[in-house]
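Engineer: Structure provided below as structure tokens; questions to follow.
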Amino acid sequence: MLTSWTAISTNTSIDDMKFDTPSMVLQTAAVPSSGNGSLDYAWSEAFLTWLPTDKLTTFFVVLHFAEIEEAMPNNNLREFYIYANGELVFKDPVLLDTYLSTSYAYFTQTGATQYSISLRSSARATLPPILNALELYTVLRATWLPTDDIDGTPVTPKNSAVPEAGNELNFDKRKFTFAELKLVTNNFSDQIGDGGFGKVLKGRLENGVKVAVKLRTESSSQGIQHFQNEVETLSRVHHKNLVSLIGYCKDGDCIALVYEYIEEGNLENFLRGRTHSLGWKQRLQIAYESGQGLEYLHKMCKPPLIHRDIKTSNILLTSNFEAKVSDFGLVQTCSGTHVSTQMVRGTPGYVDPYYAVNLQLTVKSDVYSFGIVLLEIITGKSPILQGPEEGLPLTEFVQQELSKGNIESILDPNIGGQYNLNSIWKVADLALRCTDLQPTKRPDMRAVVAELKESLDLEISTNETGNTNSIGNAICSGNIEATQTGGMRVSDYGPSVR
Numbered sequence: 499m500l501t502s503w504t505a506i507s508t509n510t511s512i513d514d515m516k517f518d519t520p521s522m523v524l525q526t527a528a529v530p531s532s533g534n535g536s537l538d539y540a541w542s543e544a545f546l547t548w549l550p551t552d553k554l555t556t557f558f559v560v561l562h563f564a565e566i567e568e569a570m571p572n573n574n575l576r577e578f579y580i581y582a583n584g585e586l587v588f589k590d591p592v593l594l595d596t597y598l599s600t601s602y603a604y605f606t607q608t609g610a611t612q613y614s615i616s617l618r619s620s621a622r623a624t625l626p627p628i629l630n631a632l633e634l635y636t637v638l639r640a641t642w643l644p645t646d647d648i649d650g651t652p653v654t655p656k657n658s659a660v661p662e663a664g665n666e667l668n669f670d671k672r673k674f675t676f677a678e679l680k681l682v683t684n685n686f687s688d689q690i691g692d693g694g695f696g697k698v699l700k701g702r703l704e705n706g707v708k709v710a711v712k713l714r715t716e717s718s719s720q721g722i723q724h725f726q727n728e729v730e731t732l733s734r735v736h737h738k739n740l741v742s743l744i745g746y747c748k749d750g751d752c753i754a755l756v757y758e759y760i761e762e763g764n765l766e767n768f769l770r771g772r773t774h775s776l777g778w779k780q781r782l783q784i785a786y787e788s789g790q791g792l793e794y795l796h797k798m799c800k801p802p803l804i805h806r807d808i809k810t811s812n813i814l815l816t817s818n819f820e821a822k823v824s825d826f827g828l829v830q831t832c833s834g835t836h837v838s839t840q841m842v843r844g845t846p847g848y849v850d851p852y853y854a855v856n857l858q859l860t861v862k863s864d865v866y867s868f869g870i871v872l873l874e875i876i877t878g879k880s881p882i883l884q885g886p887e888e889g890l891p892l893t894e895f896v897q898q899e900l901s902k903g904n905i906e907s908i909l910d911p912n913i914g915g916q917y918n919l920n921s922i923w924k925v926a927d928l929a930l931r932c933t934d935l936q937p938t939k940r941p942d943m944r945a946v947v948a949e950l951k952e953s954l955d956l957e958i959s960t961n962e963t964g965n966t967n968s969i970g971n972a973i974c975s976g977n978i979e980a981t982q983t984g985g986m987r988v989s990d991y992g993p994s995v996r
């Protein structure tokens, strides 16, 4: 807790570009009540009852600072050092020299049962230290279950137990009764969709928060394992680009999942013209954000998680068109190079051909599916084409057209507006590398996200400078060549506009 402090505040909005800290958090701060040069905070493991007691904990400390005193006297300076358990953390002090300027510090602490942080003014400072927010994190090991089952479904070690169908589920999410679910959904009256699991209903909690309820039907192709897999996964993963699970219901014959309500539905509806069209920048932003969610599953979860069903209908869009990956019923842990399975799971058109033939699932299987999503974002077409090219895979269609050097022939006509053709070329090239028939030649999701960020920055820069090209007045040249493994790449990068 803080000792001997006074609260100060401002009504002016503050923008923190590093951590996206909410402005209302930075608008309040603590300063020493005595006006001296020290602000102290202390905590003890004994008060944190949720921590394991068998070993010392490593804490990750994040401090946020913002100068909110507008009428700073002339020649006054706010500068201070950070000490942890009496030791200097950084040799350089924190300096807030202008109104609304921000700063931050993060470091780790371990090896003790009691901790203290002290902010002490430098010798030349004339104003006391200030602290706007403090975050304290610790790592709790996720109990991901390894697999030795032939179909790749998670199983526990021999001395543990998975909940059997019909048994009680012990997850850190709210458990709804059938009666509660009936109230939440107004007697299951407002159906907003239908999927493999069953009906999707709109509901509202007691506090007014809107939710989406997936209610399993008897005809559902997805069983209790799918349900348990989804609840377990979403109880342990947390990322802004992954949909949030609020709770679940397993009451008699009623099996349901309760999610945050995502206002705009899924990406597929926008790409198929069922709702209004999306511009290129908006599509690129959605690709980048959904890629971040997938990167989190592959890189930040230990062991890595393979989604297994990445597709445009599983990318949901909020009212601000922020992308969130959904549907975790087929998620698979992957402790080694691959998981051997007995059967192929996923959606036709999105399934990795290497996985389909060899029954070896890897994180690169998700990369393939994401590459198909990128091609859909560019073309607006289904993974398996309809109409004159019916049955032709989208990858082959794009390869054939790009081999002619004309990207305009594959562009979704609903994109419209202004865009940078070089940005589209870059994403097309990335998509074709993601769908290479050899998994080892596909980029990983970290590289995919980095390239999407470059393309997005290029598009944003183009919009700001006004140097854009529309379909009607741009001619692109790019040397497209086929790879030996069936993929395509753009040589002499990038394409030029003449």
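Our numbering puts the first residue of the sequence shown at 499, with every later residue one more than the last.
Quick reminder that beta carbons are idealized off the backbone N, C-alpha and C, glycines included.
Note that the coordinates shown come from a computational prediction; the quantities given were computed from them, not determined experimentally.
DSSP state of A754, grouped into three classes?
Structural biologist: Three-state DSSP puts A754 in a strand.
Engineer: According to the neighbour-count rule (16 or more other Cβ atoms, all chains shown, within 10 Å of its Cβ), is F676 buried or exposed?
Structural biologist: Exposed, by the Cβ-count rule.
Engineer: Does the count of Cβ pairs from the segment 500-511 and the segment 561-580 closer than 8 Å reach three?
Structural biologist: The segment 500-511, when compared against the segment 561-580, does touch it at the 8 Å Cβ threshold.
Engineer: Tell me, to the nearest whole angstrom, how far the beta carbon of K671 is from that of Y746; I am working on the premise that it is less than 8 Å.
Structural biologist: K671 to Y746, Cβ: 6 Å. Contact.
Engineer: What separation, rounded to the nearest whole angstrom, lies between the Cα atoms of F686 and P851?
Structural biologist: The straight-line gap from Cα to Cα measures roughly 40 Å.
Engineer: In chain order, what residues of the same chain have a beta carbon less than 8 Å from the beta carbon of N856, not counting five sequence neighbours either side?
Structural biologist: So no residue of the chain qualifies.
Engineer: Kindly indicate which three-state DSSP category D864 falls into: helix, strand or coil?
Structural biologist: Looking at D864 - three-state DSSP - the assignment turns out to be helix.
Engineer: Taking all protein chains shown into account, decide if S867 is buried (16 or more other Cβ within 10 angstroms of its Cβ) or exposed.
Structural biologist: Under this definition S867 is a buried residue.
Engineer: Please report the straight-line C-alpha distance between L740 and E728, rounded to a whole angstrom.
Structural biologist: Near 12 Å, if we compare the C-alpha coordinates of E728 and L740.
Engineer: Leaving aside the five residues before and after S502 along the sequence, list all residues of the same chain whose C-beta is less than 8 Å from its C-beta, in chain order.
Structural biologist: The answer, listed in chain order, is P530, S531, S532 and D538.
Engineer: Rounded to a whole number of angstroms, what is the C-alpha to C-alpha distance between D513 and K748?
Structural biologist: Their Cα atoms are separated by approximately 44 Å.
Engineer: L803 to G750, Cα distance in whole Å?
Structural biologist: Each residue's Cα considered, the two are about 31 Å apart.
Engineer: Using CA coordinates, which residue listed in L930, K673 and T839 is at the minimum distance from Q726?
Structural biologist: It is K673.
Engineer: With A926 as the anchor, note down where its alpha helix (DSSP H) starts and where it stops.
Structural biologist: Its alpha helix (DSSP H) spans residues L919 to C932.
Engineer: Please classify G885: is it buried, with 16 or more other beta-carbons within 10 angstroms of its beta-carbon, or exposed?
Structural biologist: G885 comes out exposed.
Engineer: Find the nearest neighbour of G827 within the set M943, G693 and E758, judged by alpha-carbon distance.
Structural biologist: When only C-alpha atoms are compared, the closest one is G693.
Engineer: In the DSSP assignment, what are the bridge partners of W778?
Structural biologist: W778 pairs with nothing; no bridge assigned.
Engineer: Comparing C-alpha positions only, which one of L815, D590, Y786 and R618 sits nearest to E957?
Structural biologist: Per the Cα distances, Y786.
Engineer: Could you tell me which residues DSSP pairs with N764 in its beta bridges?
Structural biologist: Answer is L814, bridged to N764.
Engineer: How many Å lie between G705 and I690 at the Cα?
Structural biologist: Just to set this straight, residue 705 is Asn in the shown sequence, not Gly. Approximately 21 Å between the Cα atoms of the pair.
Engineer: Can you name the residues that DSSP bridges to E585?
Structural biologist: Paired residues: A582.
Engineer: Would V711 be called buried (16 or more neighbouring beta carbons within 10 Å of its own) or exposed?
Structural biologist: Buried is the call here.
Engineer: According to DSSP, is F686 helix, strand or coil?
Structural biologist: Reduced to three states, the DSSP call for F686 is coil.
Engineer: Put H562 into one of helix, strand or coil per three-state DSSP.
Structural biologist: Reduced to three states, the DSSP call for H562 is strand.
Engineer: Tell me which residue opens and which closes the beta strand (DSSP E) that F674 is part of.
Structural biologist: Start and end: R672 to F674.
Engineer: Let's see if you can read the secondary structure: which residues bound the beta strand (DSSP E) around L740?
Structural biologist: Element bounds for L740: n/a, residue is neither H nor E.
Engineer: Would you call the CB atoms of G1014 and P881 closer than 8 Å?
Structural biologist: Nothing can be reported for residue 1014, as the shown portion of the chain is limited to 499 through 996.
Engineer: According to the neighbour-count rule (16 or more other Cβ atoms, all chains shown, within 10 Å of its Cβ), is D590 buried or exposed?
Structural biologist: That one is exposed.
Engineer: Can you give me the C-alpha to C-alpha distance between G984 and E730, rounded to a whole angstrom?
Structural biologist: Since pLDDT at G984 reaches only 45, below the 50 mark, its modelled position is unreliable, and no value is offered.
Engineer: With burial defined as no fewer than 16 other Cβ atoms inside 10 Å of the residue's Cβ, what is the status of E793: buried or exposed?
Structural biologist: Flag for E793 reads buried.
Engineer: Please work out which residues of its chain come closer than 6 Å, Cβ to Cβ, to L928, disregarding the five sequence neighbours upstream and downstream, and give them in chain order.
Structural biologist: Taken in chain order, the residues that qualify are E949.
Engineer: What residue range is occupied by the uninterrupted beta strand (DSSP E) comprising Y852?
Structural biologist: That residue, Y852, is in no beta strand (DSSP E); its alpha helix (DSSP H) goes P851 to N856.
Engineer: Would you say S599 touches the ligand ZN, meaning its beta carbon is less than 7 Å from a heavy atom?
Structural biologist: As presented, the structure is devoid of all ligands, the ligand ZN included, so that no description of it is given.
Engineer: With distance defined between alpha-carbon atoms, name the residue in C752, K738 and H796 nearest to G696.
Structural biologist: The residue with the shortest Cα to Cα distance from G696 is C752.
Engineer: Figure out for me which residue from S620, P627 and Y602 has the closest Cα to the Cα of E633.
Structural biologist: Out of S620, P627 and Y602, Y602 has the C-alpha closest to the C-alpha of E633.
Engineer: I need the straight-line Cα distance from G834 to Q858, nearest angstrom please.
Structural biologist: Roughly 11 Å between the two C-alpha positions.
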